[in-house]
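If you read the protein sequences in the order shown, they are chains A and B.
Taking the numbering used here, I'd label the letters of the first sequence as residues 351 to 529.
Taking the numbering used here, I'd label the letters of the second sequence as residues 351 to 529.
Notes to accompany the following structure.
There are 2 protein chains.
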Amino acid sequence: MSVHLLHTATSVLLKDPTASLGDVARAAGVGRTTLHKRFPTRTALVRAVANDALDLIDSVSSHVDFSRDDAIEDLITRLVALGPRVEFLLRFPGLERDDEIRRRIEEMDRPVLDLITRLQGSRLRADLPAWWILHTLYAGLFNAWEAINCGRLAPLDAPRFVLTTVFEGVANVGTADRS
Amino acid sequence: MSVHLLHTATSVLLKDPTASLGDVARAAGVGRTTLHKRFPTRTALVRAVANDALDLIDSVSSHVDFSRDDAIEDLITRLVALGPRVEFLLRFPGLERDDEIRRRIEEMDRPVLDLITRLQGSRLRADLPAWWILHTLYAGLFNAWEAINCGRLAPLDAPRFVLTTVFEGVANVGTADRS
DNA sequence: ACCGTTGTGAACATGAGTGTTCACCTGCTC
DNA sequence: GAGCAGGTGAACACTCATGTTCACAACGGT
């Protein structure tokens, strides 16, 4: 139904942000007229896709206990599994220009930012801004999705890769340090 | 001259990948006809912008001594300073579909990948693939550029942020570790 | 069998981006 | 001053995504 339509639109638009509505409709195995009846305009479709992704994140977020100290591990592991639909939020060009979407993204970031701030000084280093740590997490997710897409990374390995890299870094702890 | 034209095109297309050629010409303070005379087609312009960025990287790369163990620090510091022109290479949608550009990007990655591989086991951990470490570096660069654009990060702080985060991670070394 | 819903293809109008041409102007060299 | 290279705006035709409408087919419930 409409669910499958949104999912297809997500992957098509993610692969090529300039794809025409005809391309989306064809990929979904649906007439362009039908697509237009559900989403009267292109921006309406994009917003629907974004809101769908945000709904998905909300539902995942509600299963995470943010009061636990390992909430970040839990959250990241779940987000990695979501794949393209969340990637769409972080990648689609011009998405941040939509006020409603931007508001929901900030709203989605807030609990994570709070969590990071709370953990700074204990599990997380305090000499970096919370927003920087958040974006580093997102960057790790992004890397994982891209690697999975290219077939270089097994989906089950992804959470470990992201968490290890983001938390511990890529330096060899035994030997080296930056000057 | 033509140099300024390419720089302007870089920032305009980076901010909005769907910007029209008229927008680019106007931003550069030049007639659309003139733009067309230099770059007969849109893809020609995009390729010229990409090649210009790649030339810039080549010139930077030639100043880095890849045989030194701190070559990565040097490279990252220099790349951060380049800003939008390199960001264009990593962000512009569909750029990887151009064979020549893709070849040059791989060619640009190769010495860095070799360096990473060489350092694995000494300065860099060996339990992660070299390509993953490379992409983690790029992700750090990307974060820095974005933060600088938003005005949240001072350009002079950027290299330290990227290197610290990528090498050491965001975990607090004194206390915590992942399970 | 009737009717509302839903999807479909065809067709059309519109607008925007694009490639192209042309006549004109400017600044330079000889 | 003649000639020339380079820049400019205006105008044109063409393509294509898009929004919109319409008539028709399929389906399910009453």
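The beta-carbon is built from N, C-alpha and C at its ideal position, and this holds for glycine as well.
{"query": "Neighbour list for isoleucine 483 of chain A in chain B, Cβ cutoff strictly below 9 Å", "result": "Thr515, Val520"}
{"query": "The region 443–450 of chain A contacting the region 396–414 of chain A, beta-carbon criterion three pairs below 8 Å", "result": "yes"}
{"query": "Backbone CA spacing between leucine 445 of chain A and glutamate 518 of chain B [nearest angstrom]", "result": "32 Å"}
{"query": "Three-state secondary structure (DSSP) of alanine 521 of chain A", "result": "strand"}
{"query": "Proximal residues to leucine 385 of chain B (C-beta, below 8 Å), its chain only, five neighbours per side dropped", "result": "Leu355, Leu371, Val374, Ala375, Ala378, Leu395"}
{"query": "Enclosing alpha helix (DSSP H) for phenylalanine 438 of chain A [first to last residue]", "result": "434–441"}
{"query": "The region 437–444 of chain A in contact with the region 409–425 of chain A per 3-pair CB rule at 8 Å", "result": "no"}
{"query": "CB contact check: isoleucine 451 of chain B to chain A, cutoff 8 Å", "result": "no"}
{"query": "For threonine 360 of chain B and leucine 474 of chain B, the rounded distance between their alpha carbons", "result": "34 Å"}
{"query": "8 Å Cβ cutoff, leucine 363 of chain B in contact with chain A", "result": "no"}
{"query": "Exposure of leucine 506 of chain A, with buried meaning 16 or more beta-carbon neighbours within 10 Å", "result": "exposed"}
{"query": "Pairwise C-alpha distance: valine 362 of chain A and aspartate 402 of chain A", "result": "15 Å"}
{"query": "CB contact flag (valine 462 of chain A, leucine 484 of chain A, <8 Å)", "result": "yes"}
{"query": "Cβ neighbour criterion (16 or more within 10 Å) applied to arginine 435 of chain A", "result": "buried"}
{"query": "C-beta atoms of leucine 364 of chain A and glutamate 437 of chain A nearer than 8 Å", "result": "yes"}
{"query": "Minimum Cβ-Cβ distance from arginine 418 of chain B to chain A less than 8 Å", "result": "no"}
{"query": "Residues of the region 492–506 of chain A with Cβ closer than 8 Å to any Cβ of chain B, in chain order", "result": "Phe492, Asn493, Glu496, Ala497, Arg502, Leu503"}
{"query": "Burial state of threonine 515 of chain B (16 or more Cβ within 10 Å)", "result": "buried"}
{"query": "Beta carbon proximity, phenylalanine 511 of chain B to chain A, threshold 8 Å", "result": "yes"}
{"query": "Classification of proline 509 of chain A by the beta-carbon crowding that lies within 10 angstroms, buried from 16 upward", "result": "buried"}
{"query": "Test: aspartate 366 of chain B CB closer than 8 Å to a CB of chain A", "result": "yes"}
{"query": "Under 9 Å (Cβ pairs) to chain A, residues found in the region 455–475 of chain B", "result": "Ile466, Leu469, Gln470, Gly471, Ser472, Arg473, Leu474, Arg475"}
{"query": "As assigned by DSSP and simplified to three states, the class of leucine 506 of chain B", "result": "coil"}
{"query": "Closest by C-alpha distance to leucine 491 of chain A, when choosing among B/Thr391, B/Arg418, B/Trp482", "result": "B/Trp482"}
{"query": "Euclidean distance between Cα positions of aspartate 477 of chain A and threonine 391 of chain A", "result": "46 Å"}
{"query": "Any chain B beta carbon closer than 8 Å to threonine 393 of chain A", "result": "no"}
{"query": "Interface residues of the region 403–435 of chain A facing chain B [CB-CB below 9 Å]", "result": "Asp419, Asp420, Glu423"}
{"query": "CB contact flag (asparagine 522 of chain A, serine 417 of chain B, <8 Å)", "result": "no"}
{"query": "Beta-bridge partners of leucine 474 of chain B, as assigned by DSSP", "result": "A/Ala521, B/Gln470"}
{"query": "Any alpha helix (DSSP H) of 4 or more consecutive residues that is wholly inside the region 378–429 of chain B", "result": "382–388, 392–411"}
{"query": "Cross-chain neighbours of proline 390 of chain A in chain B, by beta carbon under 7 Å", "result": "Those do not exist, as proline 390 of chain A stays about 20 Å from chain B at its closest Cβ, beyond 7 Å."}
{"query": "Check whether asparagine 493 of chain B and alanine 489 of chain A have beta carbons under 8 Å apart", "result": "yes"}
{"query": "Proline 479 of chain A versus glycine 501 of chain B - alpha carbon distance", "result": "14 Å"}
{"query": "Close Cβ partners of aspartate 415 of chain B (< 7 Å) along its chain, the five nearest in sequence each way excluded", "result": "Ala421"}
{"query": "Aspartate 448 of chain A in three-state terms, based on DSSP", "result": "coil"}
{"query": "Assumed close pair isoleucine 426 of chain B, valine 512 of chain B - CB separation to whole angstroms, cut-off 8 Å", "result": "6 Å"}
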